[in-house]
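Chemist:
There are 2 protein chains.
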Amino acid sequence: MTQFIGVSEMSKLVRKVGVLDFLRDLAGYIEEDFRRWPLFEKAARVASHSKVGVIELMPTSDGALYGFKYVNGHPGNTATGKLTVTGFGVLADVATGYPMLITEMTLLTALRTAATSAMAARALARRDSKVMAMIGAGAQSEFQVLAFKALLGIEEVRIYDPDRAAVQKFMANAQTFGLKVTRAETISEGVAGADIVTTATAVKGRAAVITPEMLSPGTHINAIGGDCPGKTELHADVLRMGKVFVEYPPQTRIEGEIQQVEPDFPVTELWQVLSGAAVGRAAKDEITIFDSVGFAVEDFSALRFVRDLTLARSTELDLIPEVANPKDLFGPLLRTAPARVVRPDTDRISA
Amino acid sequence: MTQFIGVSEMSKLVRKVGVLDFLRDLAGYIEEDFRRWPLFEKAARVASHSKVGVIELMPTSDGALYGFKYVNGHPGNTATGKLTVTGFGVLADVATGYPMLITEMTLLTALRTAATSAMAARALARRDSKVMAMIGAGAQSEFQVLAFKALLGIEEVRIYDPDRAAVQKFMANAQTFGLKVTRAETISEGVAGADIVTTATAVKGRAAVITPEMLSPGTHINAIGGDCPGKTELHADVLRMGKVFVEYPPQTRIEGEIQQVEPDFPVTELWQVLSGAAVGRAAKDEITIFDSVGFAVEDFSALRFVRDLTLARSTELDLIPEVANPKDLFGPLLRTAPARVVRPDTDRISA
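Protein sequences, first through last, are from chains A and B. So the first sequence is residues 1 to 351, counted in the numbering used here. So the second sequence is residues 1 to 351, counted in the numbering used here.
(1) On the DSSP bridge list, what partners appear for N173 of chain A?
(2) Within its chain, find whatever has a CB closer than 7 Å to the CB of P229 of chain A; leave out the 5 residues flanking it on each side and keep chain order.
(3) May I ask you to report which of helix, strand or coil DSSP gives E269 of chain B?
(4) Is the separation between the beta-carbon of I187 of chain B and that of M171 of chain B shorter than 9 Å?
(5) Using a beta-carbon distance cut-off of less than 7 Å, what residues from the stretch 150-176 of chain B approach chain A?
(6) Just how far apart, CA to CA, sit V267 of chain A and F245 of chain A?
(7) Between F265 of chain B and the rest of its own chain, which residues show a CB-CB distance below 6 Å, the 5 nearest in sequence each way excluded?
(8) Tell whether a beta-carbon distance below 9 Å holds between L83 of chain B and A139 of chain B.
(9) Does DSSP put M100 of chain B in a helix, in a strand, or in coil?
(10) Measure the Cβ-Cβ separation of V209 of chain A and I154 of chain A and say whether it is below 9 Å.
(11) State yes or no: is the beta carbon of P321 of chain B nearer than 9 Å to at least one beta carbon in chain A?
(12) What would DSSP say about A47 of chain B, mapped onto helix, strand or coil?
(13) Looking only at its chain, what residues have a beta carbon closer than 6 Å to the beta carbon of F22 of chain A, apart from the 5 residues adjacent to it on each side?
(14) Quick one: is I30 of chain A near chain B, going by C-beta distance under 9 Å?
(15) Check each candidate in A:M1, A:D128 and A:V7 and name the one with the smallest Cα separation from K284 of chain A.
(16) Return the residue from the list B:V17, B:M100, B:F148 and B:L108 that minimises the CA-CA distance to A123 of chain B.
(17) Taking only runs that begin and end inside the stretch 108-132 of chain A, name each unbroken alpha helix (DSSP H) of 4 or more residues, in chain order.
(18) Check whether the stretch 269-284 of chain A touches the stretch 87-95 of chain A, counting contact only when three or more Cβ pairs, one atom from each stretch, lie closer than 8 Å.
(19) Spatial neighbours of Y248 of chain B within its chain, please: C-beta separation below 7 Å, excluding the five flanking residues on both sides.
(20) Could you tell me the alpha carbon to alpha carbon distance between G73 of chain B and V52 of chain B, rounded to whole angstroms?
(21) In three-state DSSP terms, what is V246 of chain B?
(22) Should the stretch 106-119 of chain A be called in touch with the stretch 17-33 of chain A, which here means at least 3 C-beta pairs below 8 Å?
(23) In chain A, which residues lie with their C-beta within 9 Å of the C-beta of Y98 of chain B?
(24) Once the 5 residues before and after N173 of chain B are set aside, which same chain residues still bring their CB inside 8 Å of it?
(25) Could you spell out where the beta strand (DSSP E) holding V181 of chain B opens and where it closes?
(26) Tell me where the beta strand (DSSP E) around M214 of chain B begins and ends.
(27) At what residues does the alpha helix (DSSP H) containing R35 of chain A begin and finish?
(28) Got a sec? Which residues, its chain only, sit under 6 Å from A337 of chain A by beta carbon, not counting five neighbours each side?
(29) Let me know if V46 of chain A comes out buried or exposed under the rule of 16 or more other beta-carbons within 10 Å of its beta-carbon.
(30) For V341 of chain B, count neighbouring C-beta atoms within 10 Å of its own C-beta (all shown protein chains included) and say buried if the count is 16 or more, exposed if not.
(31) How many angstroms separate the CA atom of T423 of chain B from the CA atom of T232 of chain B?
(32) Quick check on DSSP: helix, strand or coil for A282 of chain B?
(33) If we define contact as Cβ-Cβ less than 9 Å, is I55 of chain B a contact residue for chain A?
(34) Near W37 of chain B, which residues of its chain fall below 6 Å by C-beta distance, leaving aside the five closest residues on each side in sequence?
(35) Measure the alpha-carbon distance for T60 of chain A versus V71 of chain B and round it to whole angstroms.
(36) Quick check on N222 of chain A: buried or exposed, where buried means 16 or more other Cβ atoms within 10 Å of its Cβ?
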């Protein structure tokens, strides 16, 4: 049987574990996979574009497990009360090819994106970081600040978004976790003196949400909103002020902030910092920039984490036939009595 | 909510519709999609290879619907009572990117493969075809002969397989459908004078299951067992005796029978015959050969067919969040009371 984790089950699971613990433990799985990065099969995502959006499949494998995420991006969805980005994922056993787990990944992607940001910051930001500027109060914003609280001990958050209702939503959600949250009237006000600056905006085109004069020495920038060709959040000169870290250069050079600069602009791969092969932050005054676009390995880690959390406790789907004779697929269909394809001793959703 | 069709639900559905009607109607959907072939986005399948098998994703879209199939191939699985090939599929709405249907596709692939074979034969075989040789009594064999009965009115089947138990299984399954089934002691005996010859064997490497001297003029050959690089069933000279029809040349030249011959060996695309743009069988005495490897559009048609059959009657999964505010994903996770993510007026699998 294949395990299934729907939205309500995922939601319950996160609340049961506690969102801070969930983010911290998930970051541990992601870091573990980044440390064995060369092991992973890294394929390009397979995109199907239409006039209104894109549907992508993002597969990867470590040789023992295979995972993929289905994810869509439809900016017009919000007009009808739907989400711009949703997703689900599958984890399978490489030895048999059988799928083991199907799970919602809309919430899980929000969690893994935040966990990845904080994991990167744990390696790159100053150890005494306490103040975070959160630029953008969209669906990802609360996940971000909670991950930074869980992994780095951030105490104070300054939130900026031109959408007042979004800021109020953010403050209501984030304040219950004991963070000091203040509203910034401008981006400059939010960023001034902050130890960590996270940009997660929905700006379109080549924006310059963050410009060089806003920044103090020693800041860590976590840029997650620029994640497709033609969409960037940082002024190009910001990239030249510090040291840029990326997930997977071939993808980031197309989708990330560094699409604005020359194709051989120097970057450091995050996995090399985490595995000790490259230097992260070299000095207290250095500006570090994580130019994050999201990568299949992070989804793989999230699938692996959820499978370990939910082993034998989730709903089961009869997605794959159980057969007595592998040469006889037809027999069960022919019988007049219903074929026995689910085990009687487990939960089942169809008789 | 996302519809779910598991193995037991699919099995019930096929029995309810009746397997012959199911195959005939499914063939109608496949033919409809072949006739609008140029509309489809045709991407290469995305394969992840390991030492013991392969896992593939096969996506396609007609601009309104998007579908993909997950399929594995693990020859060693039968040693532990598992199937060599299993699969599941997803159909999504291009307009929103939301998945509409997740279904098992192990049974459904067997059905669509047979329906495709018979649909091709309806266009290519002699109209008076009554006798079929079935070479190979594996998991696909019963589906094949029933599809040919449903679409072409085949009355007599000669079955050949060196595995006696497999032949017995085939006969027990197929005879209940009013077909005259006889066992052939050799391939030549089965093929001699048959109107249609279907090869669906598990032979490895470059086999020559069918050789030129076995064949009578006017035979239609339906070759479905050779479907990956290095695996073929027909002697190369058989291909030169007749006219070869294929699904998608770039894929068939790598995976099909024609991998044995020169790269510019002349072939006709089946969709062109079905849409009237190319000639199929030109004479009663001609040998026609359908060199079939399976293609994503056939899975797409099958997904579309199953969706239309099961609309509003299947199990529902809460795979995608329903949100009041697209900018607030976090809120539902924070609430102490369980978030309401499933509609109360529909079936649900988790509260």
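All residues carry an ideal CB built from backbone N, CA and C; glycine is no exception. Nothing here was measured: the structure is a model prediction, and the numbers come from that model.
Modeler: Well, looking at it:
(1) Paired residue(s): none; N173 of chain A is not in a bridge.
(2) I254, E255 and Q259
(3) strand
(4) no
(5) A166, K169, N173 and T176
(6) 6 Å
(7) I258
(8) yes
(9) strand
(10) no
(11) yes
(12) strand
(13) V14
(14) no
(15) A:D128
(16) B:F148
(17) none
(18) no
(19) K42 and F295
(20) 9 Å
(21) strand
(22) yes
(23) N72, H74, N77, K82, L83 and T86
(24) E142
(25) K180 to R183
(26) From DSSP, M214 of chain B is part of no beta strand (DSSP E); its letter is neither H nor E.
(27) V19 to R35
(28) With a pLDDT of 41 at A337 of chain A, under the threshold of 50, the modelled position of that residue is not reliable, and the figure given next carries that caveat. Nothing meets the Cβ criterion.
(29) buried
(30) With a pLDDT of only 37 at V341 of chain B, under the threshold of 50, the placement of this residue in the model should not be trusted; the figure read from the coordinates follows. V341 of chain B comes out buried.
(31) Beyond the ends of chain B as shown, which are 1 and 351, falls residue 423 of chain B; an answer cannot be given.
(32) coil
(33) yes
(34) W271
(35) 15 Å
(36) buried
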